[in-house]
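For reference, the structure discussed in these notes is given below.
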Amino acid sequence: MLNERGGIMTDLTVTRIDQDRYWVVTGGGVGMHDLAWMRRQLPDDSSVQLKDLTSGWCCVGVWGPRARDLLQPLSQQDVSNAAFPYLTARSLTIGSVPTYAIRISYVGELGWELYTPTEYGLRLWDTLWKAGDALGVTALGGGAFDSLRLEKGYRLWGADIHSEYNPYEAGLGFAVRLNKGDFIGRNALLRIKEQGITRKLACMTFDDPAVAVLGKEPIFAGGQCVGYVTSANYGCTVGKSIIYGYLPLALAEDGSRVEVQYFGRRYPAGVVGEPLYDPQMTRLKELPVLAGSGGAR
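Position in the sequence shown (first residue = 1) + 1184 = my numbering.
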């Protein structure tokens, strides 16, 4: 969802659950912001209704290479790749718990978001936790979540994307459909496409994987400040210290060299192609791995 300048106002997952009903999910930290933005856009004739269900539902994310091994024995419904493809949703019963499952992942691995009414939340957790003991299931927090999403190149609203960045410079042009009719920000995007962009969100890694920064640090090239770090974390899977930031187009290419200043010292880093993890999406979508593919891990 965009503003009139083409800036990114929200980062949502919208699931169609009926002919004219949609399930909208956003990050917990920006839920009230996104709800307020959508409410301001509602037509005056009550033809569209928006209801906040947040307090009535909880969510448990089940992600990882063995997510299906955990889920399938607990459900009578088929959760195979053929029966439950990537980016689809359906109702599942997990043990005795009714859930609404969406096959989507912010961490770049096979898995589901499992939603259930709040009163079933503890039972859902206990059911998954007990069954997952033999599979090595682990409870992970926000730090791991952030590390995994950076390895996969997923943007975070409020850091990598927000109202001052447009989809093309953020690398999200694939999510734009200019031929679907009018929408807020469409005219601005048409002008941006015609004029071109001058900066681009780039993935960089430090030469020394032990270097760690927090975000908002200045990025230098040729002795000049050319941008700042939008997100940073260590990627445990790829073994690299990862940073993201907007750079001038000439510097946003694979192989460009930059420095990041942290407490008065500058650390060398290089621009790399993204995503760093599973660029062919074989893990997330369970696509066949071709001979010589770099996506197999």
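Heads up, the beta-carbon is just placed ideally off N, CA and C, and yes, glycines get one too.
- Note that the C-beta distance between Trp1341 and Pro1301 is not below 8 Å.
- Counting only the Cα atoms, Glu1437 lies some 31 Å from Thr1210.
- Runs of the alpha helix (DSSP H) spanning 4 or more residues and lying entirely within the segment 1257 to 1328 occur at 1305 to 1316, in chain order.
- By DSSP's assignment, Tyr1428 forms a beta bridge with Cys1387, Ser1415.
- Two segments are said to touch when three or more pairs of C-beta atoms, one from each, lie closer than 8 Å; by this definition the segment 1191 to 1202 does not touch the segment 1226 to 1245.
- Remark: C-beta atoms of Ser1425 and Ala1405 do not approach each other more closely than 8 Å.
- Around the beta-carbon of Tyr1418, 16 or more other beta-carbon atoms lie within 10 Å, marking it buried.
- Val1263 is the residue among Val1281, Gly1279, Val1263 whose C-alpha sits nearest the C-alpha of Ala1273.
- Contact between the segment 1360 to 1378 and the segment 1328 to 1340 is not established, with fewer than three Cβ pairs separated by less than 8 Å.
- For Asp1202, the three-state secondary structure derived from DSSP is strand.
- Phe1404 carries a strand assignment under DSSP once its states are collapsed to helix, strand and coil.
- Looking from the CA of Leu1433, the closest CA among Gly1448, Val1410, Cys1420, Tyr1451 belongs to Val1410.
- For Asn1371, the number of other beta carbons within 10 angstroms of its own is below 16, and it is reported as exposed.
- The secondary-structure analysis by DSSP pairs Pro1452 across a beta bridge with Glu1443.
- For Trp1221, the enclosing alpha helix (DSSP H) stretches over residues 1215 to 1225.
- Each of Glu1297, Thr1283, Gly1316 was checked against the Cα of Glu1303, and the nearest Cα belongs to Thr1283.
- Residue state for Leu1186 is assigned as strand, using DSSP reduced to three classes.
- Where Cys1243 is concerned, the enclosing beta strand (DSSP E) starts and stops at 1241 to 1247.
- Membership of Glu1378 in the alpha helix (DSSP H) is indicated by the continuous run 1370 to 1379.
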